[in-house]
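S.K.: Protein chains in written order, with the numbering used here: chain A, 1 to 512; chain B, 513 to 860. Even glycine gets a Cβ: it sits at the ideal position worked out from N, Cα and C. Bear in mind the structure is a predicted one, so any value in this text is a computation, not a measurement.
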Amino acid sequence: MRSTSHSEEGSKVLRANQVSKAFGATQALDRVSFSLEKGTVHALLGGNGCGKSTLIKILAGVEQADAGTIEIRGSEHDLRWITPARAREAGLQFVHQQRSTFPELSITDNLAIGRGYESDRLGRIHWRAARRRTARVLERFQIAAHPDQLLEELSPATQTMVAIARALQDQDESSEGVLVLDEPTASLPAPEVDLLLSALRRYADAGQAIIYVTHRLEEVFTVADKATLLRDGLFVDTVAPKELTHEGLVELMMGRAVEQIERLRGKPEGPVVLEAKGLAAGPLRGVDLSAREGEIVGIGGLIGSGRSTLLKALFGVVPLEAGTVSIDGAHERIATPGQAMAAGVAYVPEDRQKDAAFKELSVGENLSLTVIPDYWHRGVLNRRKEHRDALDLFDSYLIKAESDEAPLSSLSGGNQQKVIVARWLRRNPRLLLLDEPTQGVDVGARAEIYELINRAVSGGAAALIASSDFEELARICDRVVVLRKGVVVAELHEAELEAESIAQRANAEVSA
Amino acid sequence: MSEVKTEGVLPAVGPDPKAGRSGEDASGHRRRKTVRQYLEAYAFLGLLVIAALFFSLWSETGETFPSEANIRTLVSANAVVAIVALAALVPLVCYEFDLSVGAIAGLSSIFVASALANGTPVFLGILLGIGLGILVGLVNAFLITRVGVNAVITTLGMAIILAGVINQKSGGLAVTGDIPLSFSEFGSSTWFGIPKIAYILAVIAIGVYYLLNHTPYGRYLYAFGSNREAAKLVGIRTKLTLGLTFVISGALAGAAGVLQVARAGSADPKVGESFTLPALAAAFLSAAAMRPGRYNVAGTLVAIFFLAVLNSGLNLAGSPQYVNNYVNGAALIIGVALAVRLGRRQEL
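Dropping the structure here:
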């Protein structure tokens, strides 16, 4: 170890050697080695099932490796006997998104829980001392907030920064600990992501070593100094992202070129599928919207703009206070999901785990829930046909699963999402509503999901996609409707359809 | 791979059989069970067999346990408890507890016994018992799905109220009197050496199995138990689905009350309470047997008869009554613990 040298290069704070782990017959990690330098952000990349979650779990001590060691702060630890306590002792600090903080408590409480409050011998808390200490920590991490503020009052990015500050609060600046961030931006809207990334850059420049796990490649280019790529449990390479193109990195990651889906933007001339007028629900006021056969309409907007509410209202989840909806020219009363489904509407919700996945049920059962009455014939549930159809759906919807009897939770995030999409597309819906359809999904699966959406609309459906990822909207939509505070503020076509222009319209009032 | 197939209209994968490709794919994609999965599924059944063998061979109970009279009592008494357990199972699949199943069975047996003793025709008596169960189930369903009271609280309160009704009706004494001989004979006689009540249990168990595993409704119940919010978003009418489980539960518990009268030839005001604990324990334990991680009918039956054999054997060996409380209470806790563990394992 060259731990004495403090130059930017070569000062390794962590070295993982020959880490292996098998689950049954599957080799999740096969002799993976990588090392991390002081003051760098080091991204860990790979498609679904590449082994990076397993590697993170081992570093966190949640899983034990079959073989391998890590060297950190000059001492070597055997990963076969790693535990969460040992990982922490060794100097690895983890921040999982939104799992480790308490939204209803103050920042002071959040920093003190787990660490302990400043208190006297009787256990009475010295609030002033605790607040002072909190203020110092906030200053050190450049977080603009007051110690007494409740965590939930802060923006999502600031909440994540508090979580990072909490993990690192007791590490003095010269020590060589490692911060591990597991998809910290997965649920953050775009402007918040930038805020967090610039904070990470500052921490790294101050000497902190950061391991950064993400699905979003743009972030890797923005923030990462180095990236280690894994594929099928094997170490592929450690590269400097700044020296690569987007396509080059994807190719390394997937082991093949992933063709970027670009829609040929024409003017869809088909008949109008959705015609909504004067919709009011939640924040929405007087929203008019239409979509034609074969058209993908994007709904852009910030959090709270009503983009998710719009989809929920069209699916009967949020009650419509005013307005009319017609589908294929027929006026529809949509007050429940059942009525929406009868009218030919399908809905893929934003939060897969909470609102769409039946984790304990099998993949096959997850696929058939939307059509199960069709298998019921003369008092018998035709399970053989359900099974056969499930295998057909695996093929046509590009789902990779061990079997249709495996629980849904055994699938990777991208494949779970494809199951949810397939569950709806198999109904051949007229109107497809998708809220953040590629959240937490890797590049490969993302392209596949776009392809599935494209196939559905070329089959005659209309699609509405709400997303906080304006790049995504600009890339896959024919037209984007921008919402701000519940009102349509712009409609962007063809040439004007750029991520920047969407962001501009969505933010206009805020920046003005 | 991801070319945009513009011509690729989605293949219609609706219910429309594609002949001739099931065989290969079925064997190719079906998950083979590992040894551990077999163990998890059938360990409980093994325990039942071992317990039965043990009490048949052990010198303390070797004479009494395997005797025809003991086996017959064991089967017919526990057939009634098993039906109460199946009643608790249906809402449990939705992850809701019905603590009033025992009380409903008790209510039904008291009212049926006194109606029969007063000369009501047998078939009307049977309808009365089941009808009372459905009525209580409807009230439970209304309170839980429309008023929004937590199911544990609703059914616990209901059980206490029903205990009051039972006491008021019976004056705290067993209802005996002139119960038609044909009725009580049915409860104590056998076909081919097996108590007739066991056949009724078999019919009801097959019915509940069919409901849970071979109807869309059953699939909705498992979906509801797995993720309520998602169930709503695939168009399941959640209030109706959940409410109905309490009505079904009430009907089954009411039927169990009727059978209890037939078996005992009388109605004891305390009998309902004594059903509650073993029935709930068995329903919980079912997730640890036959289909691990899922509450199921076969597992419920295995659990009921495992508890029955254990309790009967211990009693015959001369152990005091309180040991049964230990067994039933521990079974309840272990059942929930195993269900949680196996459920979690499935998630990995």
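Select from Arg427/A, Ala422/A, Arg88/A and Glu471/A the residue whose C-alpha is nearest the C-alpha of Glu451/A.
M.R.: Ala422/A
S.K.: Of all the CB atoms in chain A, is at least one closer than 8 Å to the CB of Pro804/B?
M.R.: For Pro804/B, the answer is no, since every Cβ of chain A falls outside 8 Å of its Cβ.
S.K.: Can you check whether the C-beta of Thr370/A is within less than 8 Å of a C-beta belonging to chain B?
M.R.: yes
S.K.: Can you say whether Val19/A is buried or exposed, counting buried as having 16 or more other CB atoms within 10 angstroms of its CB?
M.R.: Buried.
S.K.: Measuring CA to CA, which of Ser106/A, Ile211/A and Gly61/A is closest to Ala90/A?
M.R.: Gly61/A
S.K.: Indicate whether Lys277/A and Thr324/A have their beta-carbon atoms separated by less than 8 Å.
M.R.: yes
S.K.: Determine whether the Cβ of Asp355/A lies closer than 8 Å to any Cβ atom of chain B.
M.R.: yes
S.K.: According to DSSP, which residues form a beta bridge with Ile125/A?
M.R.: Ser119/A
S.K.: Using a Cβ cut-off of 8 Å (strictly closer), state whether Gly719/B contacts chain A.
M.R.: Closer than 8 Å: no.
S.K.: Skipping 5 residues on each side, what residues in its chain have a beta carbon closer than 7 Å to that of Arg740/B?
M.R.: Thr750
S.K.: In the DSSP assignment, find the alpha helix (DSSP H) that holds Tyr721/B and state where it starts and stops.
M.R.: Tyr721/B: member of the alpha helix (DSSP H) spanning Lys708 to His726, first to last residue.
S.K.: Interface residues of chain B around Gly338/A at Cβ under 7 Å?
M.R.: Gly747 and Arg749
S.K.: So, helix, strand or coil for Ala461/A, using DSSP?
M.R.: The three-state secondary structure of Ala461/A, taken from DSSP, is coil.
S.K.: Would Leu565/B be called buried (16 or more neighbouring beta carbons within 10 Å of its own) or exposed?
M.R.: exposed
S.K.: If we ignore side chains and look at the alpha-carbon of each, how far apart do Ala445/A and Asn415/A end up?
M.R.: 7 Å
S.K.: Do Gly46/A and Arg231/A have their C-beta atoms within less than 8 Å of each other?
M.R.: yes
S.K.: So, at 6 Å on beta carbons, what are the nonlocal neighbours of Glu697/B in its own chain, with the 5 sequence-adjacent residues on each side left out?
M.R.: none
S.K.: Please identify the residue among Ala675/B, Thr657/B and Tyr554/B whose C-alpha is closest to the C-alpha of Thr753/B.
M.R.: Closest in C-alpha terms to Thr753/B, from the list Ala675/B, Thr657/B and Tyr554/B, comes Thr657/B.
S.K.: Apart from the five residues just before and just after Pro692/B, which ones in its own chain have a Cβ nearer than 7 Å to its Cβ?
M.R.: Excluding sequence neighbours, Pro692/B sits near Leu628 and Val634.
S.K.: Just mark Ala495/A as buried or exposed, buried being the case when its beta carbon has 16 or more other beta carbons within 10 Å.
M.R.: By the 10 Å Cβ count, Ala495/A comes out exposed.
S.K.: Run through the DSSP bridge pairs and tell me what His377/A is partnered with.
M.R.: Val380/A
S.K.: Rounded to a whole number of angstroms, what is the C-alpha to C-alpha distance between Gly286/A and Glu491/A?
M.R.: 15 Å
S.K.: Please list the partners that Val317/A has in chain E, where partner means a Cβ-to-Cβ separation under 9 Å.
M.R.: Although the question refers to chain E, the structure presented lacks it and instead comprises the protein chains A and B.
S.K.: Can you tell me the Cβ-Cβ gap for Ala167/A and Leu179/A, rounded? I've got them flagged as a contact below 8 Å.
M.R.: 7 Å
S.K.: Name, in chain order, the residues that DSSP records as bridge partners for Gly300/A.
M.R.: Ser467/A and Val482/A
S.K.: If I'm right that Ala209/A touches Thr69/A with Cβ under 8 Å, what's the distance once you round it to whole angstroms?
M.R.: Contact flag wrong, Cβ pair sits at about 18 Å.
S.K.: Helix or strand or just coil, what does DSSP make of Phe577/B?
M.R.: When secondary structure is reduced to three states using DSSP, Phe577/B falls in the coil class, being assigned neither helix nor strand.
S.K.: Is the stretch 789-801 of chain B touching the stretch 657-674 of chain B in the sense that three or more CB pairs, one from each, lie closer than 8 Å?
M.R.: no
S.K.: Per the DSSP calculation, His77/A is bridged to which residue(s)?
M.R.: Ile70/A
S.K.: Just mark Val547/B as buried or exposed, buried being the case when its beta carbon has 16 or more other beta carbons within 10 Å.
M.R.: Burial call: exposed.
S.K.: Strictly below 7 Å CB to CB, what residues from chain B border Met341/A?
M.R.: Gly747
S.K.: Report yes if the CB atom of Ala829/B is closer than 8 Å to the CB atom of Thr573/B, and no otherwise.
M.R.: yes
S.K.: At least one CB of chain A closer than 8 Å to the CB of Arg731/B: is that the case?
M.R.: yes
S.K.: Is Thr54/A near Leu36/A, with beta carbons less than 8 Å apart?
M.R.: no
S.K.: Quick one: does Arg117/A have its CB under 8 Å from some CB of chain B?
M.R.: According to the sequence displayed, residue 117/A carries Tyr and not Arg. By this cut-off, Tyr117/A is not an interface position.
S.K.: Does the distance from the CB of Gly282/A to the CB of Val482/A come in under 8 Å?
M.R.: Against a cut-off of 8 Å, the Cβ pair of Val482/A and Gly282/A comes out as no contact.
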